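Let me begin by presenting the structure, written as structure tokens, before commenting on it.
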Amino acid sequence: MTATESTSVSDRPTPHPPVARPSAVWRRSDDQLIAGVAAGIADRLGIDASYIRAGFVVLAFAGGAGLVAYLILWAMTATSVRDRPSGLVATARQKVGLAAIFLGLLIVLRGWGLWLGDAIVWPVAFTAFGAAVAWDRSGRENRFIAWAFPGLEDDVRPSTLKVISGALLTFVGLVLFASGFDAFVQMGTVLLAVLITGIGLSLTLGPWVWRLLTDLRTERSDRIRSQERAEVAAHLHDSVLQTLALIQRTDDPRRMVTLARAQERELRAWLFDRTGDESERQLNASLEDMAARIESVYNVPTDVVTVGDAPMNVHLEALVAAAGEAAANAARHSGSPRVSIYAETTPTTVDIFISDQGKGFDRESVDGDRHGIRESIVNRVQRHGGTVTITSEAGEGTEVHLEVDRA
Amino acid sequence: MTSVFLVDDHELFLTGVRTELQKDYEVVGWSSDVDEAIEGIRNTRPDVVLVDVHMPGGGGLTVVKNILEDEAASPRFLALSVSDAAEDVIAMIRAGARGYVTKSISPDELVDAIDRVDAGDAVFSPRLAGFVLDAFADAVPGNHDPELDQLTNREQEVLRQIARGYSYKQVAKRLSISVKTVETHVSAVLRKLQLSSRYELARWASDRRIV
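In the order they appear, the protein sequences are chains S and Z. Just so you know, we're using our numbering here: the first sequence kicks off at 916 and counts up by one. Just so you know, we're using our numbering here: the second sequence kicks off at 60 and counts up by one.
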């Protein structure tokens, strides 16, 4: 009885906080300048990482304390990629509290003698926190765009305020720094002013410009990627999906094979060559096209193997046309299960062989009624200075050999 | 009966080929994963391995290299792929495969190719013959080993016949030589293909990081 009671008790839903708060500091591998330690702390505290980074910089000048603290935290924490916890944003009072703690820490370190000197640490503190204020990323995205084009977004003033106050702090820090060293004072007022302005501007605006450029880059590559995806999808839709639909509606297995082969050929050409430039046509591509036509008209697989290649010209056009005629004859009359086309291009000649494994024929007996061979193959090639050799034997298949010199 | 192992990451194709080959061979194993395949081949010690070129995890190339690296009595590899890009073909052959056929090969031709590879001969499809002629086509200047870097006239003649679509038997008849001689020529070409340091081959090889 007690057992069931205890079960029923534990079955009762225990109240859980709606959002689990992060229990420790996790390094952020998605938002890191060095190792993501500052971003992790910022997550935990609910403030912008820029402040934490500025704190580490200043503490590093205070006898290296910042460096040591950073390294210890680095070693003690694990990495994570995750979104900034929403709803965890420090109030103004918390921020002031943090600042006070930090100031106290500085004073303690100064009292211990872990200090590079007032002339360095205080200006660095001013500059670093000025830059941090200016870099503060909490709030809207694309701050710089909003700031540069106030018309685009309504809520612009807070960021402008941050820029101005951050810039002021930065400049005060820089001036303090410069006045602390004789070397700078001796540089002359104008030069010094230019130097300080330059450093101040790059400290305050640099990260924005950088972020803007990154955003633009990301956007551009995203756009290219989505365009490419759309292009691929469109192509597959027009070709592969249509062919698959056709194959499903076909009863004739030979027709299916032809459709599949034609689609394979087309897809392969698209995947591996993707050169659609008609003015730069090459012999091999023309032969492939010709073979694809033969195959789709006569439903006989037609393979093309090539060695070497050459740009097309009138002679080669005639040669390819004659080869097409020979291949069509083979596909139509020979009864061979496939037609093979082999083309070898050397610097001096082009040889094309069209072979089948069909029934063959006796040339004398068919010469009279087959004008095709004489007119469309032999004469055509001879007009372009080439030769045609036809070897055929009953039952052994036919081979047509076309040869032209490359003028 | 010759034992065969199949490696292909395309399940549908794997099933189809398995059914096809069960009539003529003892199919001792199959795998669609590179590491699993390497282990399976080591355990089952098949005579012939049919291996797909393109697979995640390094592809067929990794399988061939891993097995041939440290196996004393190694199986013979026949590469099978939808791709007939030259670099794939050459890379597989240079890694040690004894033949290369495309997946559109007919069942009878595939059986013929497996038997040939099992007998220790090379299997050259018309397309592979074309690639080899292409790669060895132009005379290259420089200090090359003529023994390995050039094809003899007879070898070229045999490859040309194969490229024109003729079977070994037809080639033998057309050139008035024996089938055995054709096989000898083709095996010699295979050896040159694997050992030659010709620029074109070296480049294909280095592109594929197999040297």
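Glycine included, each C-beta is placed from N, C-alpha and C at the ideal position. On a predicted model such as this, the values are computed, not experimentally measured, just so you know.
- Within 10 angstroms of the beta-carbon of I987/S lie fewer than 16 other beta-carbons, which makes it exposed.
- For T1306/S, the enclosing beta strand (DSSP E) stretches over residues 1302–1308.
- If only complete runs of 4 or more residues are kept, the stretch 1100–1185 of chain S shows the alpha helix (DSSP H) at 1104–1151, 1157–1163, 1168–1183, in order along the chain.
- Just so you know, the alpha carbons of W1027/S and V1048/S end up roughly 29 Å apart.
- Interface with chain Z (8 Å Cβ-Cβ cutoff): Y1257/S is included.
- Note that the C-beta distance between V1215/S and Q1178/S is not below 8 Å.
- The Cβ atoms of A969/S and A1043/S sit closer than 8 Å to each other.
- Within its own chain, the residues whose Cβ lies closer than 8 Å to the Cβ of L1024/S, once the five positions on either side in sequence are excluded, are L974, A977, G978, A980, W1030, listed in chain order.
- Contact with chain S is found for D193/Z, since one of that chain's Cβ atoms lies less than 8 Å from the residue's Cβ.
- Check the Cα spacing between L960/S and each of R1208/S, Q1009/S, F971/S: the tightest is with Q1009/S.
- Taking 8 Å as the upper bound for CB-CB distance, T121/Z and V93/Z are in contact here, some 5 Å apart.
- Only residues of its own chain outside the window of five on either side were considered, and among them I1269, I1292, V1315 have a CB closer than 6 Å to the CB of A1241/S, listed in chain order.
- Taking CB atoms only, P166/Z has no neighbour in chain S less than 8 Å away.
- Three or more pairs of CB atoms, one per stretch, sit closer than 8 Å, so the stretch 208–217 of chain Z contacts the stretch 239–247 of chain Z.
- For P134/Z, the closest of R223/Z, T61/Z, N212/Z by C-alpha to C-alpha distance is T61/Z.
- Secondary structure remark: continuous beta strand (DSSP E) runs of at least 3 residues inside the stretch 142–175 of chain Z, in chain order: 158–161.
- Here DSSP, grouped into helix, strand and coil, assigns E1240/S to helix.
- Using a Cβ-Cβ cut-off of 7 Å, G189/Z is close to V1220, T1221, V1222 of chain S, given in chain order.
- Identification of chain Z residues near F1268/S by a Cβ-Cβ cut-off of 7 Å yields R223, ordered along the chain.
- Inter-residue distance for Q229/Z and Q1272/S is about 10 Å (C-alpha atoms, whole angstroms).
- The continuous beta strand (DSSP E) containing D1320/S extends over residues 1312–1320.
- One Cα belongs to T78/Z, the other to S91/Z, and the distance between them is close to 16 Å.
- Identification of residues in the stretch 173–186 of chain Z having a C-beta nearer than 7 Å to some C-beta of chain S yields P185, R186, given in sequence order.
- In this structure A1246/S is not in contact with T1264/S, their Cβ atoms being roughly 26 Å apart against a cut-off of 8 Å.
- If you look at T1263/S, you'll find it isn't in any beta strand (DSSP E); DSSP assigns it neither H nor E.
- When 7 Å is used as the limit between beta carbons, A196/Z is near these residues of chain S: V1222, G1223, in chain order.
- Beta-carbon to beta-carbon, S1255/S and R223/Z are separated by about 6 Å, close enough to satisfy the 8 Å threshold.
- Here W89/Z is bridged, per DSSP, to L65/Z.
- The alpha-carbon of I97/Z is positioned some 11 Å away from that of G88/Z.
- With contacts defined as CB atoms closer than 8 Å, G119/Z and D111/Z qualify as a contacting pair.
- Where A247/Z is concerned, the enclosing alpha helix (DSSP H) starts and stops at 238–254.
- Taking the Cβ atoms as the reference, T1085/S lies roughly 6 Å from A1046/S, within the contact range of under 8 Å.
- Here S1141/S is exposed: its Cβ has fewer than 16 other Cβ atoms, across all protein chains shown, within 10 Å.
- Check the Cα spacing between T1313/S and each of L254/Z, H244/Z, R233/Z: the tightest is with R233/Z.
- It is roughly 10 Å from the alpha-carbon of R1170/S to the alpha-carbon of E1210/S.
- The shortest C-alpha to C-alpha distance from T211/Z to any of S246/Z, A181/Z, G99/Z, A178/Z is the one to S246/Z.
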